Structures are given as structure tokens and as C-alpha cells.
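Each remark here refers to the structure printed beneath this line.
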Amino acid sequence: MSDFELLHRRAWLMRAGLVLLPGLASGPLARAANSPPRIAPNAVPASRQLRYEVRGTFAFIPLFADGDLSWRHGPSGYEARLRLDAGFLGTRERVSTGTITPMGLQPLRYTDRSQHQRDTEFDWPHAEARLARGGTALLDPGTQDLVSLYIQLACLFAMDAAAPFLPPNGTQMPLPVLGNGKSVERWRLVIQGEETLELPGGRLRTRKLLRLPEDSDNLGAELWLAPALNWMPARIRLREGRSSDVDLRWSQSVTDLTSL
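Using my numbering, the first residue of the sequence shown is number -11, and each one after it goes up by one.
Encoded structure:
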């Protein structure tokens, strides 16, 4: 049984208060449980592109694809771009643009491109997001989209790596994410500990995070963040229902990107 399936079985017990995870540590990751922590400028990863070998299934169809996560930032703001090229199945691209504040990334626009383009705008003065499919959603402080969250996590882990005490395995890390295109979900990421991965690009030491399931239709997520990649993800595994299971595994880094 996978970690995701095991925690899915335990989720209802946790909501009932019958399973207790270890107490929160004192570092930046732990403080994120109550309010967004302050991010030091040197914790923001340098501009780079990570390339991935992508395997899995999409709508029960075997998936063999290439992907990349591009990250650029400068005085004018940031751009984070996650692209998946699946050949005859098409290309999907998700783009987050915004600013970097003392609390980390603050998305201003999130674009999802496949057969159609859908744009979500973040209106922080009014604490609401204008959704691509119409309507609005209330924004919590520190809300991320499905691309900016990877960089925000890298910033938090870079901060925490310099702290006297890293959070113990089992620590829950809440993070508000506009993930379903309808409302802000409060993701609960559980720190799973260190793992050394054999990847297409070589061996990397990582720290694993697992999204604690809330409902059966939530997007399941496992993330492996690598200090050698400035804590950007060496591996991303996303599950949606029983029909889709996509696994991105780091194959190459490109560091000569032009900053914004």
C-alpha cells in the first residue's frame, strides 16, 4: 500500500481527532500553520529551468511525456511556468506571474493553457480571485496557485534549513491553494522525511511532502524537494481520481535563464 493510500484511509480518523501527529516545530515551516512567515531574499531560488521525464496515466491512457518547470524572477516580479508535452495527447501549460513580497510569492495571474486558455486574476486589495470560469473566490493570506506553490515551498524549506531545529517527520504544514479553480483549499502537507532518489538526472537527496487527503475527489500530491536544486521539486507525483496518475522525475537543470 502506498503512502498516499495509507494516509487516505487514516484521513477520516484524523478529522475525528483519533490520530495525533507530532507537535509543530519552531521553524518557519511550523509558523506557516498560523500566518505566512517572512521570507529572506536569499531564500528565493535563483532563476532556472528543471526538466522532467514524465510517466503515468491520463484518463486511463498510458502517458510518456516531457515536462519542465521554469522559474524566473527579478525587480519586476516573477514568472513560474509548468509545461507538459504529451505528444498526440497535446501540451498543457500552467503559468503563474506575480510579485515577491516579504511573505514570499504573491500571484497576480494564473493561466491554464491546453485546448483553451483560462485566466484567473488575484485581486489582493479586495482579497478575492476572479475565476477563469466566472465568479470569485475569497483569498486567504499567502494563497498560492498550482505552480507558485512549488516555489513558495522551496522558499520555506530554504529558510527552515538554516533554522536550529528542522520540523520532525509527521509535522503538518497548512498552505492555502487555489487548486480546483472554484475556491481556496487549505492543503495539509505532511513532512515525510528524507529520501535519496535515483532519477534520470542522477541521485539526489530530498525531503518528501505528502498532501493529506480531505475528500476522495481532491488532487493527491507527493512532492520531493531537493536542496541541490535550491529546494525546488526533484519529483512531483499528482493523482486525480482513479484515472490519472502523473509522475514527473527530474532529468536536467538549465541555469542560464534570463532574469525578469
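Every residue gets a Cβ at the ideal spot worked out from N, C-alpha and C, and that includes glycine.
In this text the structure is predicted, and so the values were computed from the model without any measurement.
Consult DSSP for Gly189 and reduce its assignment to one of helix, strand or coil.
Start at 1 with the first residue of the sequence shown, and residue 189 comes out as number 201. Coil, per DSSP.
Does the distance from the CB of Lys170 to the CB of Gly123 come in under 9 Å?
Translated into the one-based positions of the sequence shown, residue 170 becomes position 182. Translated into the one-based positions of the sequence shown, residue 123 becomes position 135. Gly123 sits close to Lys170, with the two beta carbons spaced by under 9 Å.
Neighbourhood of Leu9 by C-beta, 8 Å cutoff - its chain only, sequence neighbours within 5 removed
Against the sequence shown, residue 9 aligns to sequence position 21. Only weak support is given to the placement of Leu9: the predicted model assigns it a pLDDT of 30, under 50, and the question is left unresolved by the model.
For chain B, is any of its Cβ atoms less than 9 Å away from the one on Ala120?
Checking the listed chains, one finds no chain B in this structure; it contains a single protein chain.
Between the CA atoms of Leu126 and Arg36 - distance to the nearest angstrom
Counting from one through the sequence shown, the residue named residue 36 turns up at place 48. Counting from one through the sequence shown, the residue named residue 126 turns up at place 138. Taking the straight line from one Cα to the other gives about 32 Å.
Measure the CB-CB distance between Pro188 and Ser239 and report whether it falls below 9 Å.
As a position in the sequence shown, residue 188 is number 200, starting the count at 1. As a position in the sequence shown, residue 239 is number 251, starting the count at 1. When the beta-carbon positions are compared, Pro188 and Ser239 come within less than 9 Å of each other.
C-beta contact flag for Pro221 and Ala146 at 9 Å
Within the sequence shown, the letter at position 233 stands for residue 221. Within the sequence shown, the letter at position 158 stands for residue 146. Against a cut-off of 9 Å, the Cβ pair of Ala146 and Pro221 comes out as no contact.
How far does the beta strand (DSSP E) with His61 in it extend, from its first residue to its last?
If you number the sequence shown from 1, residue 61 lands on position 73. That run of the beta strand (DSSP E) goes Ile49 to Gly62.
In the DSSP output, what is Gly327 paired with across the bridge?
This structure cannot settle anything about residue 327, because the visible part of the chain is limited to -11 through 248.
How about the stretch 101 to 112 and the stretch 80 to 91: do they share at least three Cβ pairs that are nearer than 8 Å?
Cβ pair count under 8 Å is three or more, so yes.
Do the stretch 66 to 78 and the stretch 44 to 57 meet, that is, are 3 or more Cβ pairs less than 8 Å apart?
Because the criterion of three Cβ pairs below 8 Å is met, the stretch 66 to 78 and the stretch 44 to 57 touch.
Do Leu236 and Glu67 have their CB atoms nearer than 9 Å?
Walking along the sequence shown from the start, residue 236 turns up at place 248. Walking along the sequence shown from the start, residue 67 turns up at place 79. Contact: no.
Are the beta-carbon atoms of Val234 and Leu51 separated by less than 9 Å?
Against the sequence shown, residue 234 aligns to sequence position 246. Against the sequence shown, residue 51 aligns to sequence position 63. It is a contact, given that the beta carbons lie within the stated cut-off.
Runs of 3 residues minimum, wholly inside the stretch 118 to 163: which ones carry the beta strand (DSSP E) assignment?
Runs found: 124 to 126.
Drop a sphere of 10 angstroms on the beta-carbon of Arg230, count the other beta-carbons inside from all chains shown, and report buried for 16 or more, exposed for fewer.
By 1-based counting over the sequence shown, the position of residue 230 is 242. Looking at its Cβ environment, which holds fewer than 16 other Cβ atoms inside 10 Å, Arg230 is exposed.
Report the CB separation of Leu166 from Thr87 in whole angstroms; it is logged as a contact under 8 Å.
For the purposes of this step, residue 166 is taken as residue 178 along the sequence shown, with counting starting at 1. For the purposes of this step, residue 87 is taken as residue 99 along the sequence shown, with counting starting at 1. At roughly 16 Å, the Cβ-Cβ gap does not stay under 8 Å, so Leu166 and Thr87 are not in contact.
Might you give, ordered along the chain, the residues of its own chain that have their beta carbon closer than 6 Å to the beta carbon of Ala216, omitting 5 neighbours on each side?
Start at 1 with the first residue of the sequence shown, and residue 216 comes out as number 228. The residues are Leu192.
Just to confirm, is the Cβ distance from Ala120 to Arg106 under 9 Å?
Walking along the sequence shown from the start, residue 120 turns up at place 132. Walking along the sequence shown from the start, residue 106 turns up at place 118. Their beta carbons are under 9 Å apart, which means Ala120 touches Arg106 by this criterion.
Quick check: Arg223 and Thr194, are their CB atoms within less than 9 Å of each other?
As a position in the sequence shown, residue 223 is number 235, starting the count at 1. As a position in the sequence shown, residue 194 is number 206, starting the count at 1. Their beta carbons are under 9 Å apart, which means Arg223 touches Thr194 by this criterion.
Kindly list the residues whose CB is nearer than 6 Å to the CB of Glu41, restricted to its own chain and excluding five residues on each side of it in sequence; keep chain order.
Position 53 of the sequence shown, counted from the first residue, corresponds to residue 41. Apart from the 5 residues on each side of it in sequence, Glu41 sits with its Cβ closer than 6 Å to the Cβ of Pro188, Arg237 and Ser239 in its chain, given in chain order.
Find out if the Cβ-Cβ distance for the pair Leu185, Ala209 is shorter than 9 Å.
Along the sequence shown, read from residue 1 onward, the residue named residue 185 stands at position 197. Along the sequence shown, read from residue 1 onward, the residue named residue 209 stands at position 221. Cβ distance not < 9 Å, so Leu185 and Ala209 don't count as in contact.
Span separating the alpha-carbon of Gln180 from that of Val135
Position 192 of the sequence shown, counted from the first residue, corresponds to residue 180. Position 147 of the sequence shown, counted from the first residue, corresponds to residue 135. Computed Cα separation, rounded: 21 Å.
Every unbroken alpha helix (DSSP H) inside the stretch 61 to 113 [4 residues or more]:
none
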